[in-house]
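With mature numbering (1 follows the signal peptide of the UniProt record, and there is no 0) applied, the sequence shown corresponds to residues -23 to -1, 1 to 155, in that order. Ideal placement from N, C-alpha and C gives every residue a C-beta, glycine not left out. Since the structure is predicted, the reported quantities are computational estimates derived from the model, not experimental observations. See structure below.
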Amino acid sequence: MRKLLLLAATPPATGFLVPTATASADLTPMAEPSANQLLAKTQSCKQISNGKYKTDSELGRTAPVCDANGAVWWRADMDIDCDGRHTARCNEQTDPWFQPDTAFPRSDGKPLIADQTHYVVVPSPSNTWRYTSSGIAGASACAVVYNNQVLYASEQLGGNHHRRIPRHPVHLHHLKSS
């Protein structure tokens, strides 16, 4: 069974993985389900990870991966990622950790174009957590809640899972602050 992925970032942002939806370049926050409805799934944590992740390299391990009846979620900070194809907005000068590839390519086999496609980076499979064991597949859709707004994105495989939860969507800076 595939599940929805919910991510929570600081300031409180949360994301849900919706396996059948597709990411879009439209930056308009979605109306249903509401941010409050999605956040209600994060009120308790049935931990499914074998440990916790760091949200940043200087902090302790405080973020478990949780199951919430059809959703997989965790809290994260709001780092911006711009990996994929080089563009004027996404390159080594705009993102010091830029990587010219993405774990799950577009349908034409090329890396995603981060300033056109919303995506959320999830931790690489490890002894701490394997997203595939939770029914999550690459390039599935994810709902992210940030500042009480919902934005849908696709899921991408992360990097250094021992250090921290990887960076999150490039497009979240387009969401309006409350």
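Start and end of the beta strand (DSSP E) containing residue i?
i, result
"residue 13", "Residue 13 -> not in any beta strand (DSSP E); alpha helix (DSSP H) instead, spanning 12 to 17."
The ligand NAD and residue i: does any heavy atom of the ligand fall closer than 6 angstroms to the residue's C-beta?
i, result
"residue 28", "The model depicted lacks the ligand NAD and carries no ligand whatsoever."
For residue i, write down the residues that DSSP places opposite it in a beta bridge.
i, result
"residue 29", "41"
"residue 128", "121"
"residue 24", "43"
Contact defined as beta carbons within less than 8 angstroms: I believe residue i pairs with residue j. What is the distance between those atoms, to the nearest angstrom?
i, j, result
"residue 42", "residue 57", "In fact, because the Cβ distance is near 22 angstroms, the residues do not count as touching under 8 angstroms."
"residue 64", "residue 92", "5 angstroms"
"residue 130", "residue 99", "About 11 angstroms; that fails the 8 angstroms criterion."
"residue 44", "residue 31", "Not a contact, Cβ separation roughly 21 angstroms."
"residue 60", "residue 39", "The Cβ separation is near 25 angstroms, so there is no contact."
"residue 48", "residue 125", "18 angstroms between Cβ atoms; not a contact."
"residue 37", "residue 105", "That belief does not hold up - the Cβ atoms of residue 37 and residue 105 are roughly 14 angstroms apart, past 8 angstroms."
"residue 108", "residue 55", "Between residue 55 and residue 108 the Cβ distance is about 20 angstroms, and since that is not below 8 angstroms, they are no contact."
Quick check on residue i: buried or exposed, where buried means 16 or more other Cβ atoms within 10 Å of its Cβ?
i, result
"residue 62", "buried"
"residue 17", "exposed"
"residue 89", "buried"
"residue 117", "buried"
"residue 128", "buried"
"residue 14", "exposed"
"residue 120", "buried"
"residue 52", "buried"
"residue 74", "exposed"
"residue 94", "buried"
"residue 158", "A query on residue 158 cannot be resolved here, the shown segment of the chain reaching from -23 to 155 and no further."
Fully enclosed by the region 65 to 109, which alpha helix (DSSP H) runs are 4 residues long or longer? DSSP runs (the alpha helix (DSSP H)) wholly in the region 65 to 109: none.
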